[in-house]
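Numbering-wise, the sequence shown is residues 384 to 623 according to my numbering.
Glycine residues also receive a C-beta, built at the ideal position from the N, C-alpha and C atoms.
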Amino acid sequence: MSSNQEPEILFVVGTDTGIGKTVLSLLLMQFFFAKGLKPFYLKPVQTGCRDPYDTDSDARFVYKHVEALRSRDPAESVIYCFREPKAPYFAARNEECTIDPRVIRKVVEEKRLDHSPLVLEAAGGILVPMTSTQHGIDLAAETGARPVLAARSALGTINHTLLTLEVLRARNLEPLGIVFIDPFDPCTPRDLVEENMEAVRDFGGIRVAGVIPRIPDFSNPPGECFEILRRMFTRERFSP
């Protein structure tokens, strides 16, 4: 793969729940469509929703704010949907359902025939249980997806980010990049953000591609968001 070529499958994972994975997934979809590619967004397991049309549905959010998807059905992007906002294994168990990783892999392979890249959004962090024997990280490993890590910019991110990196690398999954998400108003103090980025660079051996700021209009994000993604797909990310 050349320095400017995107992997066929991206696995957007967070260092915690509610960290900004869906926002990052949305930006990736907008970025790829703007480049003339045919991306596909997939949320294999959605929890905390009645269905893919619920106001809390991640797929609904992405489809609403990506112009090329507004006429499409967000249910195309959701395989399993559970009402309770819990780890997928427990949300599924409470509805007497079992998540079948083979079903997810089959959908991924089918979508790869007509779309590239695929943007897979994880449910929570990499060690969130999906079944009684598998975690979120197993989906990335089994599909050959390249992780993209969404992390908060604020206090506490150093520990969470470095731990996530360590677990990913233990499974030979090197992240394509790390993006800090800063949706706070007021925003995280700049000196704290820079120290957090320094720590990830020095102790994790990978640069943070940048900081996604608070976005007033998700249908028209500021250009700096896409500049961050552009940097993530170049060799700049490999030079701590």
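1. Looking at the secondary structure, which residues open and close the beta strand (DSSP E) in which residue 529 lies?
2. Alpha carbon to alpha carbon, how far is residue 528 from residue 511?
3. Report buried or exposed for residue 481, applying the criterion of at least 16 other Cβ atoms within 10 angstroms of its Cβ.
4. Fully enclosed by the segment 396–461, which alpha helix (DSSP H) runs are 4 residues long or longer?
5. What number of angstroms, rounded off, separates the C-alpha of residue 505 from the C-alpha of residue 610?
6. Given residue 403, which residues of its chain have a CB within under 6 Å of its CB, disregarding the five upstream and five downstream residues?
7. Give the straight-line distance between the Cα atoms of residue 526 and residue 484, rounded to the nearest whole angstrom.
8. Hey, could you find the ends of the beta strand (DSSP E) residue 520 is sitting in?
9. Whole angstroms is fine: what's the gap from residue 490's alpha carbon to residue 574's?
10. Could you work out which residue in 592, 557, 559 is closest to residue 535 when comparing CA atoms only?
11. Okay, do the segment 550–557 and the segment 411–431 touch, 3+ Cβ pairs below 8 Å being the bar?
12. Assuming residue 547 contacts residue 508 under a Cβ cut-off of 8 Å, what Cβ separation, rounded to an integer in Å, is found between them?
According to the data block:
1. Taken as a continuous stretch (DSSP letters only), the beta strand (DSSP E) holding residue 529 covers 529–535.
2. Near 17 Å, if we compare the C-alpha coordinates of residue 511 and residue 528.
3. Result: exposed.
4. Counting only unbroken stretches of 4 or more residues, the alpha helix (DSSP H) elements lying wholly within the segment 396–461 are 404–417, 441–448, in sequence order.
5. Near 23 Å, if we compare the C-alpha coordinates of residue 610 and residue 505.
6. Apart from sequence neighbours up to five positions away, the residues of its chain that approach residue 403 with a beta-carbon distance below 6 Å are 533, 564, ordered along the chain.
7. The straight-line gap separating the alpha-carbon atoms of residue 526 and residue 484 is approximately 10 Å.
8. No beta strand (DSSP E) contains residue 520, which is instead part of the alpha helix (DSSP H) from 519–526.
9. Looking at the two C-alpha atoms, the distance is approximately 44 Å.
10. Of the residues 592, 557, 559, the one whose Cα lies closest to the Cα of residue 535 is 592.
11. No, the segment 550–557 is not in contact with the segment 411–431.
12. Going by Cβ atoms, the distance from residue 547 to residue 508 rounds to 7 Å, so yes, they are a contact pair.
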